[in-house]
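Below is one structure, written out as structure tokens, with a few remarks after it.
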Amino acid sequence: MSEFSKALQVSSSGLNAQATRLRHLSENISNADTPGYRRKLVSFETAFANRDGVAEVSPGRVRLDRSELERIYDPSHPMADETGQYDGSNVDLLIELADAREAQRSYEANLKIFEQTRKMSSGLLELLRR
Amino acid sequence: MFETLDVFRISSAMAKHAGQKQALAAQNVANADTPGYVARDIPDFKTLYLPEVAASTQRSSRAKHLNGFSGTPGMATPLEEKMGAAPNGNQVSLEQEMLKSVDAKRQHDRALAIYKHAMTVLRSASRSK
Chain H
1 MSEFSKALQV SSSGLNAQAT RLRHLSENIS NADTPGYRRK LVSFETAFAN RDGVAEVSPG
61 RVRLDRSELE RIYDPSHPMA DETGQYDGSN VDLLIELADA REAQRSYEAN LKIFEQTRKM
121 SSGLLELLRR
Chain F
131 MFETLDVFRI SSAMAKHAGQ KQALAAQNVA NADTPGYVAR DIPDFKTLYL PEVAASTQRS
191 SRAKHLNGFS GTPGMATPLE EKMGAAPNGN QVSLEQEMLK SVDAKRQHDR ALAIYKHAMT
251 VLRSASRSK
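First to last, the sequence lines map onto chains H and F.
The numbering used here puts the last residue of the first sequence at 130; the count rises by one with no breaks.
The numbering used here puts the last residue of the second sequence at 259; the count rises by one with no breaks.
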């Protein structure tokens, strides 16, 4: 397997991992007001792939954030207990947005490398042309 | 016949080296958010190619040796870089990787240009006979 196809393979695994991360982030954001929702965390890990020693990246298992749920005071809410409070979600929109920004930045970096590699290999193929 | 011509040999080794560098940059960028990942890099083509400079670097003479490069110029085993780590132990700097990849692209283009023009010289030499 040539170095270029290795590079393309690794970049696409990076794109895939960042897209998965972005999907979980959007799940978190859309469930920010769901009572009892715990935010999902995804951590990346290096998958030592097959035979060529290409260190691809893959999204690891999804974990739930075990921190305290927010207590919201609203006696008219159907889920309110005797003190008039119910469990909200533990999603912090600010954190999610910052994370989304970082995911976007990494996605773009992977895309840039992909593009660069593609240009290099097409330059190599240009050699065949007279 | 072309394999024995030094120009072709050197430029193809240079292009190969650039490809390897690009693959490593891609690997580092893909793992830019992996906790505990250490960035990898290979030495410059110049230090690998020139024998007097390469004399100070490690060589591997057997397949089981961990570091150093073996035989063919322009091929090297990746070394781990030591840089400042992020809180999660990741040591990749995206900016540095971008620079590295642009470097690799330029080196590759240069090598291909040399190859192409040497080819043109050969062609015109064989035509004029």
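Just so it is clear, CB atoms sit at the ideal spot from N, CA and C, and this is done for glycine as well.
Remember, it's a predicted structure, so these values are computed and weren't measured experimentally.
Worksheet item: Taking just the CA atoms, how far does H/Tyr37 sit from H/Met79?
Response: Those two C-alpha atoms are separated by around 14 angstroms.
Discussion item. Checking 7 angstroms against the spacing of the C-beta atoms, do F/His247 and F/Ala145 come in under that value?
Written reply: The Cβ-Cβ distance between F/His247 and F/Ala145 does not fall below 7 angstroms.
Item to complete: Note down the Cα distance separating H/Tyr107 from F/Arg257, rounded to an integer number of angstroms.
Response: Each residue's alpha carbon lies about 50 angstroms from the other.
Discussion item. If the criterion is Cβ atoms closer than 7 angstroms, does the pair F/Glu225 and F/Asn158 meet it?
Written reply: No. Outside cutoff.
Discussion item. Below 8 angstroms, how does it come out for the segment 101-121 of chain H and the segment 166-179 of chain F: are there three or more Cβ pairs, yes or no?
Written reply: Taking 8 angstroms as the limit for Cβ pairs, the verdict is that the segment 166-179 of chain F does not touch the segment 101-121 of chain H.
Item to complete: Anything in chain F within Cβ reach of H/Gly14, meaning under 7 angstroms, just list it in chain order.
Response: By Cβ distance, chain F contributes Val159 and Ala160.
Worksheet item: Nearest chain H C-beta to F/Gln152 closer than 7 angstroms, yes or no?
Response: Closer than 7 angstroms to some Cβ of chain H, the Cβ of F/Gln152 qualifies, so yes.
Worksheet item: Apart from the five residues on each side of it in sequence, which residues of its chain come closer than 7 angstroms, Cβ to Cβ, to H/Ser13?
Response: These residues qualify, in order along the chain: Glu56, Val57 and Ser58.
Practice prompt. Give a yes or no on whether the minimum CB-CB distance between H/Val10 and chain F is below 7 angstroms.
Written response: At least one chain F Cβ lies under 7 angstroms of H/Val10.
Item to complete: From the DSSP output, read off the bridge partner residues of H/Ser106.
Response: Secondary-structure assignment with DSSP links H/Ser106 through no beta bridge to anything.
Practice prompt. Pull up the DSSP beta-bridge partners for H/Arg63, would you.
Written response: Residue pairing by DSSP puts H/Arg63 in a beta bridge opposite H/Leu41.
Worksheet entry | Neighbourhood of H/Ile29 by C-beta distance below 6 angstroms, restricted to the same chain and skipping five residues each side | So the qualifying residues of the chain are Glu96.
Item to complete: May I ask which residues mark the beginning and end of the beta strand (DSSP E) holding H/Ile72?
Response: For H/Ile72, the enclosing beta strand (DSSP E) has its first and last residue at Arg71 to Tyr73.
Worksheet item: Which partner residues of H/Ser58 appear in the DSSP bridge assignment?
Response: Paired residues: H/Glu45.
Discussion item. Rounded to the nearest angstrom, what separates H/Asn31 and H/Leu93 at their Cα positions?
Written reply: Looking at the two C-alpha atoms, the distance is approximately 10 angstroms.
Fill in: Neighbour list for H/Thr117 in chain F, Cβ cutoff strictly below 7 angstroms
Residues of chain F whose Cβ lies closer than 7 angstroms to the Cβ of H/Thr117 are, in chain order, Gln152 and Ala156.
Worksheet item: For H/Gln18, which of helix, strand or coil comes out of DSSP?
Response: The three-state reading of DSSP puts H/Gln18 in helix, counting H, G and I together.
Discussion item. Does H/Arg66 pass the burial test, meaning 16 or more other C-beta atoms within 10 Å, or should it be called exposed?
Written reply: H/Arg66 is classed as exposed because its beta carbon has fewer than 16 other beta carbons within 10 Å across all chains shown.
Fill in: Opening and closing residue of the beta strand (DSSP E) in which H/Tyr86 lies
That run of the beta strand (DSSP E) goes Gln85 to Asp87.
Worksheet item: Is F/Ser200 buried or exposed, if buried means 16 or more other CB atoms sit within 10 Å of its CB?
Response: Low per-residue confidence applies at F/Ser200: pLDDT is 45, beneath 50, and the placement is therefore not dependable enough to give any value.
Worksheet item: Given that H/Lys40 touches chain F, what residues does it touch there, using C-beta distances under 8 angstroms?
Response: Near H/Lys40 there are no residues of chain F at all, since even the closest Cβ is about 16 angstroms away, more than 8 angstroms.
Worksheet item: Since F/His247 meets chain H, which of its residues come closer than 7 angstroms, beta carbon to beta carbon?
Response: Result: empty, since nearest Cβ-Cβ is about 11 angstroms, beyond 7 angstroms.
Worksheet item: Taking H/Glu126 as the reference, which of F/Leu229, F/Ala241 and F/Tyr179 has the closest Cα?
Response: If you compare the alpha carbons of F/Leu229, F/Ala241 and F/Tyr179 with that of H/Glu126, the shortest gap goes to F/Ala241.
Worksheet item: Would you report the Cα separation of F/Val251 and H/Val62, rounded to the nearest angstrom?
Response: Our two residues, F/Val251 and H/Val62, have alpha carbons roughly 59 angstroms apart in a direct line.
Fill in: Residue of H/Asp33, H/Leu25, H/Ala47 and H/Arg101 minimising C-alpha distance to H/Leu41
With distances taken between Cα atoms, H/Leu41 lies closest to H/Leu25.
Discussion item. Is any non-hydrogen atom of the ligand ADP found closer than 6 angstroms to the C-beta of H/Asp99, if you look at the structure I gave you?
Written reply: Although the ligand ADP was asked about, the structure shown includes no ligands whatsoever.
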